[in-house]
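Visitor: Numbering (this note's numbering), first residue to last: 1148 to 1308. Quick one: the structure is below, questions incoming.
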């Protein structure tokens, strides 16, 4: 699968099978944890994404909370009490991912919600952010086509007419 070409029918079929398998695994796990049948969970889920409040109302989750709440609950279930540590293990970001994160962080700072700004100004900021993100996506698409084995590039982020 490459971003610059359409997926083949075989690739589409493989992705569909993997997705369906993952979904079946997911609803089976939820059903077992909730003491319900797979059919009951599938009837509720149907591949949709529920808000936390709706998931709680439908019995898909036990309670709502933060990541810290979830970590503390796991520690209690594991019998660790307060004697545990947390370490996040993440794969290193690619150049494109670091660049996108940098731009996204700046965009949040530049166009973030400000309670002292009018609705019209917030709308204008959102439009500006969307235009900026479209430009960023265009630049990232161009970067994704670079394939120097040593990763050495020079690229101008300006427009030459």
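For each residue, glycine too, the CB sits at the ideal point set by N, CA and C.
Between which residues of its own chain and residue 1225 is the CB-CB distance below 7 Å, once the five residues before and five after are set aside?
Guide: none
Visitor: Counting C-beta neighbours from all protein chains within 10 Å, is the total for residue 1223 16 or more, i.e. buried, or is it exposed?
Guide: exposed
Visitor: Can you give me the start and stop residues for the alpha helix (DSSP H) that residue 1196 sits inside?
Guide: Taken as a continuous stretch (DSSP letters only), residue 1196 belongs to no alpha helix (DSSP H), as it is neither H nor E.
Visitor: So, with DSSP's three-state summary, where would you put residue 1293?
Guide: coil
Visitor: Residue 1177: buried (16+ other C-beta within 10 angstroms of its C-beta) or exposed?
Guide: buried
Visitor: Following the continuous alpha helix (DSSP H) through residue 1169, name the residue where it begins and the one where it ends.
Guide: From DSSP, the alpha helix (DSSP H) with residue 1169 extends over 1156-1181.
Visitor: Distance, Cα to Cα, residue 1227 vs residue 1169?
Guide: 31 Å
Visitor: Sort 1212, 1215 and 1206 by Cα distance to residue 1180 and report the nearest one.
Guide: 1206
Visitor: To the nearest angstrom, report how far apart residue 1164 and residue 1174 are at their CA atoms.
Guide: Each residue's Cα considered, the two are about 15 Å apart.
Visitor: Using a Cβ-Cβ cut-off of 8 Å (strictly less than) and excluding sequence neighbours within five positions of residue 1295, which residues of its own chain qualify?
Guide: none
Visitor: What is the residue span of the alpha helix (DSSP H) that residue 1234 lies within?
Guide: It is not in any alpha helix (DSSP H) - residue 1234 carries neither H nor E in the DSSP assignment.
Visitor: Can you tell me where the alpha helix (DSSP H) with residue 1215 in it begins and where it stops?
Guide: 1214-1224
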